[in-house]
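**Student:**
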Amino acid sequence: MSALDELRQLRHGGGQVRKRDNKAAFWFLAPWFAGLVFITIGPVLASFGLGFTKYNLIQPPKFIGFDNFARIFSDERLHNALGVTFTYVFVSVPLQLACALVVALLLDRGMRGLAFYRSAFYLPSLLGSSVAIAVLWTQVFGTDGLVNRVLGAFGIEGKGWISDPDTALSTLIVLNVWTFGSPMVIFLAGLRQIPAVYYEAAAIDGASRWSQFWRITLPLLSPIVFFNLVLQIIHAFQSFTQAFVVSGGTGGPSDSTMFYTLYLYQQGFSRFDMGYASALAWFLLLIIAAFTAINFWAAKYWVFYDD
Amino acid sequence: MTTELSRTVGRRLSVPAKHIGLVLIGFVMLYPVLWMVVSSLRPGDEIFRSPGLILESLHAENYTEGWYALSPSFGTYLLNSAVLVLGCIVGNLVSCSMAAYAFARLHFSGKRWWFGIMLGTIMLPVHVIIVPQYVLFSQIGWVNTFLPLIVPKILATDAFFVFLMVQFIRGLPRELDEAARIDGCGHPRIFAQIILPLMKPALATTTIFTFIWTWNDFFTQLIYLTDPDMYTVPVALRSFVDSTVATSWGSQFAMSVVSIIPIFLAFLIGQRYLVKGIATTGGK
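For the protein sequence lines, the chains are A and B, in the order given. If you read the first sequence in UniProt numbering, its first letter stands for residue 1, the second for the next number, and so on. If you read the second sequence in UniProt numbering, its first letter stands for residue 1, the second for the next number, and so on.
Here it is in structure tokens:
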């Protein structure tokens, strides 16, 4: 059962009260409580407070009211960064999940070499967020890079994919699609849960493989699709390393790889404008929360729960 | 039943065609990585000329060049990363298993609320907490130490692993705890002597994921480690790439390969746990 199902069930209640072990629970949870106060929820609240100040780490924070939040609405570089981030998220995530699903369907049901294929397709997911792969990507999509060598062999003239503002973001989208292995593994686990009887019954009734996919596989897999969608969207909104390395920390060329997180990093940790960075952080949290909420709302119409 | 079905399905779909397709997809996907490994053993000009995988001569100088390109050498960065990873693994294993035991086995006030908050923090972006966290850690002088990176793990903030372990503990038979309790065991002993030894697979999954995620993590290490003596592998690699001209791909590739070898080894050793870890938390 996934974390999302847990949340769903929490909403619906359940669970009975028995003898309480408050004292023991306190000690077992003490590190986690401390983490909540100092590392997670505490800083979330603190960053809300900092959002109302001008603060550069050296002078004490100065209260400036809603200036930082107002700046969000007039900052054109930020609006560009939002556009870049949205394009990245809403192009790469559906493509990534589509690849994951197609390959998972090809791999399903006791085929020979399944474990081998699964590992081979999964490996890029582990490497994808590393600096090493970003370095590789810089070469592969560079003017003299591997892609252009291969295209050259077919007589096609390439270009500097990363140095051209029109294509730089696409190389990062390709990189995210390349890491389809981890949602694929989740799809595979989901496919295994679908009882084979359903397909046998459908086959006896003369259903084609195509209608079996649309009427059995997809509805029964929809909670997993939903889970992957929520997770990968949240994940993609937070992408940072690849854009940072490929652009040398600038978000260039012409801000075309300026992810929201990269802009936030520049404001906070290059310009030490901690107040604005905090406001940006909160805005990012709202954006991610909004899209997650939309996802949960939309799920009512397409996710099928078999319980 | 499954094999019977796969046989009928298999007959309908040409099996060799499927294998050829899958091998082709896999090859295209892994080609850039293979090419990087081969190219790291080529002289600079040959990297540009050769899109193939055949090595004309062995040019190991890239490795020595890259290794000593920055001061201190890559040996220091590998050691730093190793120390950091070790700290994070121990932190996660201890703190997450304790929290998981409480959520899975104890009854306490507001448990549903706390559990909900814990699940919520799985999805909390690090960017939202990094600024105040940085302010806090810089004021207590922790910048350029590993503490800002390890202490959060000791405080069970990787909620993903707490959840993973909760799921695992729930699957263990309660009769074991109850028998121990009748024999007079308190919670600390039930946890340490009964639950912990039984949850080795979940601990292995946590270990392997913590290893890979910490080894790859760039954002927080970039922020907290600015002194070259404290650089970890990703931060050093990026600084190396930034400081060299684009033509020295050989040594950049060499150090990139060095930096992903540990990931690859972890993947080989821990595949089983990786796949299970994703499947049990992701699958229904």
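By construction, the Cβ of each residue, glycine as well, lies at the ideal position given by its N, Cα and C atoms. Here the structure is a predicted model, which means the values were calculated and not measured.
Who are the Cβ neighbours of A293 (chain A) in its own chain at under 6 Å, not counting the five residues just before and after it?
**Tutor:** Same-chain partners within the cutoff: there are none.
**Student:** Between the segment 161 to 191 of chain A and chain B, which residues of the former have a C-beta closer than 7 Å to a C-beta of the latter?
**Tutor:** Per Cβ criterion, the list reads W178, S182, V185, I186, A189, G190.
**Student:** Reducing DSSP to helix, strand and coil, say where T257 (chain A) ends up.
**Tutor:** Note: T257 (chain A) maps to coil in three-state DSSP.
**Student:** In its own chain, which residues sit with a C-beta less than 8 Å from the C-beta of L34 (chain B), not counting the 5 before and 5 after it?
**Tutor:** Excluding sequence neighbours, L34 (chain B) sits near L53.
**Student:** Spell out whether any CB of chain B is found under 8 Å from the CB atom of G35 (chain A).
**Tutor:** Chain B, which has a Cβ nearer than 8 Å to the Cβ of G35 (chain A), makes this yes.
**Student:** With a CB to CB cut of under 8 Å and the five nearest residues on each side skipped, what residues in its chain are close to N144 (chain B)?
**Tutor:** Around N144 (chain B): Y224, L225, T226, D227, M230.
**Student:** Determine the DSSP secondary structure at K111 (chain B), reduced to helix, strand or coil.
**Tutor:** Correct three-state label for K111 (chain B): helix.
**Student:** According to DSSP, simplified to helix, strand and coil, what is R11 (chain B)?
**Tutor:** At R11 (chain B), the pLDDT of 48 sits below 50, so the modelled position is not reliable and the matter cannot be decided from this model.
**Student:** How should N148 (chain A) be labelled, buried or exposed, when 16 other C-beta atoms within 10 angstroms of its C-beta is the threshold for buried?
**Tutor:** Buried.
**Student:** Are L149 (chain B) and Q221 (chain B) touching if we call contact CB-CB under 8 Å?
**Tutor:** A contact, by the Cβ cut-off of 8 Å.
**Student:** Roughly how many angstroms lie between the CA atoms of L50 (chain A) and T244 (chain B), to the nearest whole one?
**Tutor:** Spanning the two alpha carbons is a distance of roughly 38 Å.
**Student:** For L29 (chain A) and A99 (chain B), what's the separation of their Cα atoms in angstroms?
**Tutor:** Looking at the two C-alpha atoms, the distance is approximately 5 Å.
**Student:** According to a CB-to-CB cut-off of less than 8 Å, which residues of the segment 291 to 305 of chain A neighbour chain B?
**Tutor:** From the segment 291 to 305 of chain A, only T292 have a Cβ closer than 8 Å to chain B.
**Student:** With DSSP collapsed to three states, give me the class of F283 (chain A).
**Tutor:** It is helical.
**Student:** Near Q267 (chain A), what residues of its chain come up, given a Cβ to Cβ distance below 8 Å and the 5 sequence neighbours on each side ignored?
**Tutor:** The residues are D273, Y276, A277, L280.
**Student:** Starting from the C-beta of C99 (chain A), find all residues in its chain whose C-beta is less than 7 Å away, skip the five residues before and the five after it, and write them out in chain order.
**Tutor:** Cβ neighbours of C99 (chain A) beyond the five flanking positions: V177, F180.
**Student:** With 8 Å set as the bound, which would you pick, yes or no: does the beta-carbon of L106 (chain A) sit closer than that to a beta-carbon of chain B?
**Tutor:** Yes, contact with chain B.
**Student:** In or out: V37 (chain A) buried (at least 16 other Cβ within 10 Å) or exposed?
**Tutor:** The residue is exposed, with fewer than 16 neighbouring Cβ atoms inside 10 Å.
**Student:** According to DSSP, is T210 (chain B) helix, strand or coil?
**Tutor:** DSSP places T210 (chain B) in helix when its eight states are reduced to three.
**Student:** Measure the Cβ-Cβ separation of G162 (chain A) and I194 (chain A) and say whether it is below 8 Å.
**Tutor:** The sequence shown places Ile at residue 162 (chain A), not Gly. Result no, Cβ atoms of I162 (chain A) and I194 (chain A) do not sit closer than 8 Å.
**Student:** At a CB-CB cut-off below 7 Å, which residues of chain A make contact with P43 (chain B)?
**Tutor:** None at all; the shortest Cβ gap to chain A is about 15 Å.
**Student:** Give a yes or no on whether the C-beta atoms belonging to F238 (chain B) and V89 (chain A) are separated by under 8 Å.
**Tutor:** A small fix is needed here, since residue 238 (chain B) is Arg in this sequence, not Phe. Against a cut-off of 8 Å, the Cβ pair of V89 (chain A) and R238 (chain B) comes out as no contact.
**Student:** Please say whether F244 (chain A) and L262 (chain A) have beta carbons closer to each other than 8 Å?
**Tutor:** Contact flag set, yes.
**Student:** Expressed to the nearest angstrom, what Euclidean distance is found between the alpha-carbon atoms of F264 (chain B) and F211 (chain B)?
**Tutor:** Cα to Cα, F264 (chain B) sits roughly 11 Å from F211 (chain B).
**Student:** Taking the alpha carbon of A251 (chain A) as the point to measure from, which residue in A:A104, A:D164, A:L220 has its own alpha carbon closest?
**Tutor:** It is worth fixing the name first, because residue 251 (chain A) is Gly in this sequence and not Ala. Nearest C-alpha to G251 (chain A): A:D164.
**Student:** For chain B, check one thing: does any of its Cβ atoms lie closer than 8 Å to the Cβ of G15 (chain A)?
**Tutor:** In this predicted model, G15 (chain A) has a pLDDT of only 49, less than 50, meaning its place in the structure is not dependable enough to derive any value.
**Student:** Just checking: is the beta-carbon of T261 (chain A) within a distance shorter than 8 Å of some beta-carbon in chain B?
**Tutor:** Yes, contact with chain B.
**Student:** Give the C-beta separation of T205 (chain B) and G277 (chain B) to the nearest angstrom, bearing in mind that I take them to be a contact with Cβ-Cβ under 8 Å.
**Tutor:** Indeed they touch by this definition, with Cβ atoms about 4 Å apart.
**Student:** Please identify the residue among A:I287, A:V185, A:A298, A:N228 whose C-alpha is closest to the C-alpha of Y273 (chain B).
**Tutor:** Minimum Cα distance to Y273 (chain B) is reached at A:V185.
**Student:** Please name the residues in the segment 232 to 248 of chain B whose beta-carbon is closer than 7 Å to at least one beta-carbon of chain A, in chain order.
**Tutor:** Cβ contacts with chain A come from P234, L237, R238, V241, D242.
**Student:** Would you verify that the beta carbon of F121 (chain A) is, or is not, closer than 8 Å to some beta carbon of chain B?
**Tutor:** Taking Cβ atoms only, chain B reaches closer than 8 Å to F121 (chain A), which makes this a yes.
**Student:** Residues of chain B with a CB under 8 Å from the CB of D144 (chain A): which are they?
**Tutor:** Residues of chain B passing the Cβ test: F48.
**Student:** By Cβ distance, which residues of its chain are closer than 7 Å to Y101 (chain B), with the 5 residues on each side in sequence left out?
**Tutor:** Hits under 7 Å: I169, F191, I195.
**Student:** Does the CB of P253 (chain A) have a neighbour CB from chain B at under 8 Å?
**Tutor:** P253 (chain A) does not count as touching chain B.
**Student:** Tell me the residue span of the alpha helix (DSSP H) that contains P148 (chain B).
**Tutor:** Counting along the chain, the alpha helix (DSSP H) containing P148 (chain B) begins and ends at 147 to 154.
**Student:** Following the continuous alpha helix (DSSP H) through T171 (chain A), name the residue where it begins and the one where it ends.
**Tutor:** Run containing T171 (chain A): 168 to 178, per the alpha helix (DSSP H) assignment.
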